[in-house]
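Chains as they are written, first to last, in the numbering used here: chain A, 45 to 493; chain B, 112 to 421. Idealized CB from N, CA, C, for every residue including glycine. This one's a predicted model, so the numbers in the text were calculated from it and none came from an experiment. The structure appears below as structure tokens.
Structure, rendered in structure tokens:
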């Protein structure tokens with residue numbers, strides 16, 4: 045018996061070995077992709093055959109990395125499939141769910157960067173641009189002035205570093221959406237005072253806040269600051285010339301504390317600090333919902349209906365209103381958070397991919413999944429699959445001014461703005477906190493250059 | 112095992128073989144025996160330390176030596192409130208984590224010795240050691256959850272109409288809550304080490320003490336404790352090193368919050384500096400950690416030299 049069994053083991057071992065080699069070979073880095081057309085693609089003509097439109101050999105492979113998983117990744121894969129169908133170039137997606145920028149930095153330093161990265165946070169875009177990790181869009185041979193007309197005015201500005209275009213916004217969400225449970229809130233509040241009287245009349249602690257994820261607090265602050273001071277002052281605050289100690293930031297924090305306090309917040313401030321962002325969505329849209337109002341960006345809709353509670357009906361169970369007006373210069377403006385695409389190599393296929401991502405075709409394909417709002421002008425309202433997304437696209441399109449998420453534009457070495465706000469809602473004096481914060485931000489701006 | 116408690120000498124005398132003793136002094140032999148270790152030390156210890164020291168006085172843009180900045184990185188660390196706070200938190204960890212782990216470990220080891228189901232007790236206490244620290248953090252984040260439908264502790268409190276308590280949402284108790292998790296995770300380790308040390312105490316000594324009329328408390332304080340003092344100090348050093356390196360529990364459970372109330376040095380290094388691309392500052396934090404650890408290591412080596420290892 046021992047004989048045949050040993051032979052079987054050998055065969056099995058050999059099979060494992062072969063498959064292991066095969067597995068290792070398939071996600072090979074893209075740098076040599078042009079030369080080695082994979083047999084699986086079935087290209088009989090070999091590497092010299094150009095694809096119909098791109099002028100790049102069919103079978104060329106590039107790698108694209110971002111931080112999406114789950115439903116977001118599936119949606120993006122549809123865009124990659126459309127790209128392959130159009131150009132014959134295969135773009136492989138690599139997800140990096142956490143610590144995105146750190147891993148990317150290490151890959152750049154190790155000399156093995158992905159070809160294309162889609163990154164959140166402009167601090168990192170600037171940092172990578174300064175260290176030479178990412179290429180200028182113009183270095184790829186793309187006409188950047190011609191691109192401008194594809195986008196609403198100013199939308200490409202966040203991707204510029206020292207006037208040079210390094211990143212292109214490929215998707216965004218509005219951050220000016222205030223979510224509510226229509227069954228409990230009959231008339232959505234329009235002004236800040238309306239919001240407070242709505243909270244009073246609802247009673248209990250109706251406002252869900254997921255302050256354990258401190259970035260939710262930075263969004264609160266930004267919305268209020270934008271409305272009180274207008275888009276120009278907002279942009280200045282989050283730039284090198286920003287002054288956090290001139291009283292406007294302190295006023296915005298004080299305004300925020302008028303509703304983010306023990307009286308209105310579900311579970312009180314301490315409870316909120318013990319509640320993660322997605323758990324807070326559960327507090328308003330889960331099966332045992334206790335809360336009636338919740339502030340966060342447009343992406344809440346997808347998470348609530350896709351992950352938290354699949355029985356939610358739009359718009360009878362879930363809907364949003366514009367972030368309440370505060371009677372300042374920025375009422376009617378919208379804040380967005382978005383991701384920028386950037387090239388890390390100039391390998392064949394990279395230019396074509398970036399070009400494709402600026403095309404209404406990619407925008408429409410992606411918008412149809414319901415996962416994103418496309419910044420590309422030619423993507424029409426009918427591309428969006430549900431009313432929440434349509435409304436979100438219309439809100440930004442009709443805004444008096446559009447600004448980018450401020451905390452994402454701060455330098456990467458700045459103090460943790462969310463942590464600062466976590467202290468503020470616990471009752472620490474905003475003036476003192478802002479002074480320390482201002483010092484830290486200033487030195488981070490200095491050390492960036 | 113218990114029959115021969117004779118301590119192993121730190122430097123065992125070579126038995127016989129005078130030939131070996133002669134060859135020991137030949138340069139070729141020295142090279143053969145020391146070479147591999149020296150090479151490994153140079154590559155994996157000396158070079159990284161020098162590199163880190165050099166990086167800590169550099170701007171470190173993009174992870175390269177970009178601009179010499181002197182002690183700027185250290186000065187800027189001292190001006191960073193969250194860094195100062197992280198050191199305070201590490202000190203709290205050292206005091207409470209190390210003390211509780213050793214006391215609980217000793218109590219469990221002493222009590223377990225006197226019962227017939229010792230192995231079961233030790234297995235249960237040791238079990239958390241087998242759980243990865245990140246998993247430990249996830250489990251305890253659930254235990255501490257604010258919603259009593261999720262959080263075990265708040266569910267228990269709700270049963271007696273108390274709470275809920277925001278274990279991780281209250282700046283004044285969050286760090287203690289994390290230390291408790293660390294204690295839970297490490298007590299088994301201390302129990303096993305101390306239990307082995309206790310078994311190394313000759314039974315004759317304890318029997319003699321009993322015969323002389325010493326009660327159990329006297330035996331514990333006058334005989335057992337002094338005889339396990341070396342294992343305890345080794346254990347304390349190991350635990351202190353663990354604390355200085357501590358990262359996973361705060362990272363998984365609170366992400367340093369609320370505010371910066373649960374930040375520790377290694378977390379600060381990662382979050383504020385390394386993942387922000389501030390390689391120079393990150394290296395400066397690493398050097399600070401090294402400097403904190405050096406006296407602990409010197410103490411440890413001295414003890415090893417002065418006394419035999421149990």
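So, does the CB of residue i fall closer than 9 angstroms to a CB anywhere in chain C?
| i | result |
| --- | --- |
| residue 472 (chain A) | Absent from the structure: chain C. Protein chains present are A and B. |
Between residue i and chain A, is there a C-beta pair that is closer than 9 angstroms?
| i | result |
| --- | --- |
| residue 170 (chain B) | yes |
| residue 251 (chain B) | no |
| residue 278 (chain B) | yes |
| residue 159 (chain B) | no |
| residue 359 (chain B) | no |
| residue 167 (chain B) | no |
| residue 366 (chain B) | yes |
| residue 198 (chain B) | no |
| residue 290 (chain B) | no |
| residue 261 (chain B) | yes |
Is residue i helix, strand or coil when you go by DSSP?
| i | result |
| --- | --- |
| residue 180 (chain A) | coil |
| residue 204 (chain B) | helix |
| residue 410 (chain A) | helix |
| residue 209 (chain A) | strand |
| residue 73 (chain A) | Unreliable positioning characterises residue 73 (chain A) in this predicted model, as indicated by a pLDDT of 37, which lies under 50. The coordinate reading is nonetheless provided below. Looking at residue 73 (chain A) - three-state DSSP - the assignment turns out to be coil, as it is neither helix nor strand. |
| residue 223 (chain A) | strand |
| residue 490 (chain A) | helix |
| residue 412 (chain B) | helix |
| residue 389 (chain B) | coil |
| residue 297 (chain A) | helix |
| residue 345 (chain B) | helix |
| residue 403 (chain A) | coil |
| residue 256 (chain A) | coil |
| residue 90 (chain A) | Below a pLDDT of 50, predicted positions are generally treated as unreliable, and residue 90 (chain A), at 38, falls in that range; the measurement from the model is reported next regardless. Reduced to three states, the DSSP call for residue 90 (chain A) is coil. |
| residue 288 (chain A) | coil |
| residue 164 (chain A) | strand |
| residue 138 (chain B) | helix |
| residue 300 (chain B) | helix |
Looking at chain B, is there any beta carbon in it that lies within less than 9 angstroms of the beta carbon of residue i?
| i | result |
| --- | --- |
| residue 338 (chain A) | no |
| residue 183 (chain A) | no |
| residue 146 (chain A) | yes |
| residue 168 (chain A) | yes |
| residue 449 (chain A) | no |
| residue 383 (chain A) | no |
| residue 462 (chain A) | yes |
| residue 255 (chain A) | yes |
| residue 194 (chain A) | no |
| residue 332 (chain A) | yes |
| residue 171 (chain A) | yes |
What residues of chain A sit near residue i, judged by a beta carbon separation below 7 angstroms?
| i | result |
| --- | --- |
| residue 369 (chain B) | 317, 466, 470 |
Assuming the contact rule is C-beta atoms closer than 8 angstroms, residue i and residue j should be a hit. Round their C-beta distance to whole Å, please.
| i | j | result |
| --- | --- | --- |
| residue 212 (chain B) | residue 294 (chain B) | 5 angstroms |
| residue 89 (chain B) | residue 163 (chain B) | In the structure as shown, chain B begins at 112 and stops at 421. Residue 89 (chain B) is therefore absent and cannot be evaluated. |
| residue 126 (chain A) | residue 406 (chain A) | 7 angstroms |
| residue 288 (chain A) | residue 482 (chain A) | 4 angstroms |
| residue 288 (chain B) | residue 255 (chain B) | 6 angstroms |
| residue 140 (chain A) | residue 174 (chain B) | Actually they do not touch by this definition, with Cβ atoms about 18 angstroms apart. |
If the cut is a Cβ gap below 7 angstroms, which residues of chain B does residue i touch?
| i | result |
| --- | --- |
| residue 158 (chain A) | Those do not exist, as residue 158 (chain A) stays about 17 angstroms from chain B at its closest Cβ, beyond 7 angstroms. |
| residue 487 (chain A) | 187 |
| residue 258 (chain A) | 368 |
| residue 314 (chain A) | 277, 280, 281 |
By the criterion of Cβ-Cβ separation under 9 angstroms, what are the contact partners of residue i in chain A?
| i | result |
| --- | --- |
| residue 186 (chain B) | The contacting residues do not exist; residue 186 (chain B) stays about 10 angstroms from chain A at best. |
| residue 174 (chain B) | 149, 150, 152, 153, 175 |
In chain B, what lies closer than 9 angstroms to residue i by C-beta?
| i | result |
| --- | --- |
| residue 457 (chain A) | 383, 384, 387, 388, 389, 392 |
| residue 311 (chain A) | 257, 258, 275, 277, 280 |
Show which residues of chain B have a CB atom less than 8 angstroms away from the CB atom of residue i.
| i | result |
| --- | --- |
| residue 284 (chain A) | What residue 284 (chain A) touches in chain B: nothing, since even the nearest Cβ is about 17 angstroms away. |
| residue 480 (chain A) | 192 |
Applying a beta-carbon distance threshold of less than 8 angstroms, which residues of chain A neighbour residue i?
| i | result |
| --- | --- |
| residue 191 (chain B) | 459, 484 |
Would the segment 223–242 of chain A and the segment 361–370 of chain A be scored as touching if the rule is three or more Cβ pairs under 8 angstroms? yes
Taking contact to mean 3 or more Cβ pairs, one atom from each stretch, closer than 8 angstroms, check whether the segment 205–216 of chain A and the segment 411–427 of chain A are in contact. yes
Would you call the segment 254–266 of chain A and the segment 314–327 of chain A touching, i.e. three or more CB-CB distances under 8 angstroms? yes
Please determine if the segment 177–189 of chain A and the segment 379–398 of chain A are in contact, where contact requires at least 3 C-beta pairs separated by less than 8 angstroms. yes
Does the structure place the segment 429–436 of chain A close enough to the segment 159–178 of chain A that three or more beta carbon pairs sit under 8 angstroms? Taking 8 angstroms as the limit for Cβ pairs, the verdict is that the segment 429–436 of chain A does not touch the segment 159–178 of chain A.
At least three beta-carbon pairs within less than 8 angstroms, the segment 377–385 of chain A to the segment 219–226 of chain A: yes
Any contact of the segment 191–201 of chain B with the segment 365–376 of chain B, i.e. 3+ C-beta pairs under 8 angstroms? yes
Quick test of the definition: if touching needs 3 or more C-beta pairs under 8 angstroms, does the segment 304–312 of chain B touch the segment 219–233 of chain B? yes
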